[in-house]
Amino acid sequence: MAIVLHDPDELEAMRRAGRVAAQTLAAVAARIRPGITTAEIDAWVREDTAARGARPSQLGYKGFPAAVCTSRNHVVCHGIPSPHERVEEGDIINVDVTSELDGFHGDTSITVCVGSPGPRARHVVEVARRGLAAGIAAVRPGARLGDVGAAIEALARREGCSVVREFGGHGIGRRMHMPPHVAHHGPGGRGPRLRAGMTFTIEPMITIGDPEIRVLADGWTAVTADGSPSAQFEHTVAVTADGCEVLTERVAGSNS
Ligand code: MF3
Ligand code: CO
Ligand code: CO
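Take the sequence shown: its letter number 92 is residue 92 in the numbering used here, and every next letter is one higher.
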């Protein structure tokens, strides 16, 4: 299937969906404290998303049982919220919110540091945050999709970290997951040429140990094979005439 080019009206709808996802993520992340359960995060996402007139896209997606992914410490992605899982001082936890508004989707995540995680965990969080920024900086019309992953991988290597290769970003629009697949590793100079109107996510998963992962028996939860911490940040972006627009930017103080 070809990569969809969105027209100005569709991009405006994507902006609205992206803004809702970003606002829900900001509101929920601000409430994370030691002692809460990840099921509480799920409840907050459901309430906040509904209050904004949107729907949590992940709920029921291929049978996913929750409204949000909560991925703690050595969980790489797709962690399932649970009333039995408590957030503790020193944890790092990724919260991944995807919202559907008026038929369009916005998808964004951050990794939150709870209190003072150890130096390795803090480092992997910073490298994931900077890896997303490096990927975004490579987005412009005429660039190749492989340039995005190459920029992320170069940064990760420079910082002594690794990129998880089993999962990538994805086209997004009228569906949560659409072509193309967005690898977070190189080589650069290859892959589809970026064109104005394309919308996709960049969501690097970075590890500080071995990049090898396995998926637990629940069929969803991906963890590092060696138990080392992993972090992820995600934005939904649009290719514009002269560069890149982040559709899920969190704007300080505009949480409503
Ligand atoms: N929001 C996730 C992503 O970034 C989607 C995970 S699929 C789910 O692509 F079913 F686990 F929600
Ligand atoms: Co995504
Ligand atoms: Co996501």
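C-beta: ideal position from N, C-alpha, C; glycine also. The model shown is predicted, which means the values in this text are computed figures rather than measured ones.
Closest Cα partner of Gly115 within the set Arg31, Ile206, Leu25, Glu249
The shortest Cα separation from Gly115 among Arg31, Ile206, Leu25, Glu249 belongs to Arg31.
For Met205, the three-state DSSP class (helix, strand or coil): Note: Met205 maps to strand in three-state DSSP.
Next on the checklist: Shorter than 7 Å, the distance from the beta carbon of Gly291 to the closest heavy atom of ligand 2, or not?
Outcome noted: Residue 291 falls outside the range modelled here, since the chain spans only 1 to 256, and no answer is possible.
Report yes if the C-beta of Thr38 is less than 7 Å from at least one heavy atom of ligand 1; otherwise report no. Result no, Cβ not under 7 Å from ligand 1.
Figure out for me which residue from Arg157, His185, Val124 has the closest Cα to the Cα of Thr224. It is Val124 whose Cα lies nearest to the Cα of Thr224.
_Uninterrupted beta strand (DSSP E) stretches inside the segment 92-162 (no shorter than 3 residues)_ = Fully enclosed beta strand (DSSP E) runs of 3 or longer: 92-101, 104-113.
task = Check Gln232 in the structure and name its three-state DSSP category.
result = The answer is strand: DSSP assigns Gln232 an E or B state.
Pick from Arg174, Met205, Gln23 that is closest to Asp102, judged by C-alpha positions: Closest by alpha carbon: Arg174.
What did DSSP end up calling Ala245 once you bin it into helix, strand or coil? Note that residue 245 is Glu in the sequence shown, not Ala. Strand.
Q. According to DSSP, is Gly169 helix, strand or coil?
A. Note: Gly169 maps to strand in three-state DSSP.
Exercise for the section: Measure the alpha-carbon distance for Val20 versus His235 and round it to whole angstroms. Expected result: Roughly 13 Å separates the two Cα atoms.
**OP:** Helix, strand or coil for Ile32, going by three-state DSSP, please let me know.
**Re:** DSSP places Ile32 in coil when its eight states are reduced to three.
What would DSSP say about Ser256, mapped onto helix, strand or coil? At Ser256, the pLDDT of 46 sits below 50, so the modelled position is not reliable and the matter cannot be decided from this model.
Checklist entry - Is any heavy atom of ligand 2 found at a distance shorter than 7 Å from the C-beta of Thr201? => result Yes, ligand 2 has a heavy atom inside 7 Å of this Cβ.
Beta-carbon gap between Met198 and Phe167 smaller than 8 Å
No. Outside cutoff.
query: Given Val45, which residues of its chain have a CB within under 7 Å of its CB, disregarding the five upstream and five downstream residues?
result: Thr24, Val28, Pro56, Ala67, Val68, Val97, listed in sequence order.
* How big is the Cα-Cα spacing for Asn255 and His185? -> Confidence at Asn255 is low in this model, with a pLDDT of 49, below 50, so its placement is unreliable and no value can be given for it.
Tell me which residues share the same chain as Glu40 and place their Cβ nearer than 6 Å to its Cβ, disregarding the 5 neighbours each side in the sequence.
In its chain, beyond the 5 residues on either side, no residue has a beta carbon closer than 6 Å to the beta carbon of Glu40.
Cβ of Gly173 within 7 Å of any heavy atom in ligand 2? For ligand 2, not one heavy atom lies less than 7 Å from the Cβ of Gly173.
Let's see if you can read the secondary structure: which residues bound the beta strand (DSSP E) around Val76? The continuous beta strand (DSSP E) containing Val76 extends over residues 75-77.
Is any non-hydrogen atom of ligand 2 found closer than 7 Å to the C-beta of Gly149, if you look at the structure I gave you? Gly149: no, Cβ never under 7 Å from ligand 2.
Point to revise | Bridge partners - Thr64, DSSP secondary structure assignment | key: Looking at the sequence provided, one finds Phe at residue 64 rather than Thr. Beta-bridge analysis with DSSP links Phe64 to no other residue.
Q. Do the CB positions of Val239 and Ala183 come within less than 8 Å of each other?
A. It is not a contact, given that the beta carbons lie outside the stated cut-off.
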